[in-house]
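One structure is given below, encoded as structure tokens.
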Amino acid sequence: MDKRKMLPKRARMDSMRGPINNGPLQSRPLVALLDGRDCTVEMPILKDVATVAFCDAQSTSEIHEKVLNEAVGALMWHTIILTKEDLEKFKALRIIVRIGSGVDNIDVKAAGELGETRHYT
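Position 105, counted from 1, in the sequence shown is what the UniProt record's numbering calls 105; the numbers after and before it change by one each time, with no gaps.
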């Protein structure tokens with residue numbers, strides 16, 4: 001008997017965001033460190049699997065359009081604030097990682113409505 005026929009199908013995880021598109025080759029996802037430049041813990045993990053953009057921004061108006069259009073992940077410290085309007089600027093964002101404690105600088109409700117997952121380190 002074929003083992004594949006015995007396994008249950010996984011549920012589709014469709015969200016409001018479309019498929020992860022990251023340029024013409026779609027080889028490495030774009031992950032943005034939104035504020036700050038210290039990524040010493042994360043870089044050894046990310047360097048082989050993602051392209052990391054260091055934004056060092058105080059607001060989303062300072063973030064390059066390529067990052068807003070293509071970043072699937074965002075790492076953030078505490079300097080930048082992400083409101084619903086800010087989150088809507090990110091076209092491909094799937095995950096927000098808050099480096100530190102607290103989420104008072106993220107509109108958590110809006111992030112959930114947009115299909116973004118939040119993680120805290």
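Glycine included, each C-beta is placed from N, C-alpha and C at the ideal position. It should be emphasised that the depicted structure is a prediction, and the values quoted were computed from it without experimental measurement.
- Exposed unless 16 or more other CB atoms sit within 10 angstroms - verdict on P29: Indexing the sequence shown from 1 puts residue 29 at position 29. The residue is buried, with at least 16 neighbouring Cβ atoms inside 10 Å.
- Message: Give me the residue from E85, V103, W77, K47 with the minimum Cα distance to L114.
- Response: Locating residue 114 in the sequence shown gives position 114, where the first residue counts as 1. Selected option, being the one with the closest Cα: E85.
- Task: Measure the C-alpha to C-alpha separation of L82 and V52 and round it to an integer number of angstroms.
- Result: Residue mapping note: residue 82 aligns to position 82 of the sequence shown, counting from 1. Residue mapping note: residue 52 aligns to position 52 of the sequence shown, counting from 1. When rounded, the distance between both Cα atoms is 19 Å.
- Item | Enclosing beta strand (DSSP E) for I95 [first to last residue] | Residue mapping note: residue 95 aligns to position 95 of the sequence shown, counting from 1. Looking at the DSSP string, the run of the beta strand (DSSP E) that includes I95 is 95 to 98.
- Who pairs with H78 in a beta bridge, going by DSSP? If you number the sequence shown from 1, residue 78 lands on position 78. Beta-bridge pairing links H78 to no other residue.
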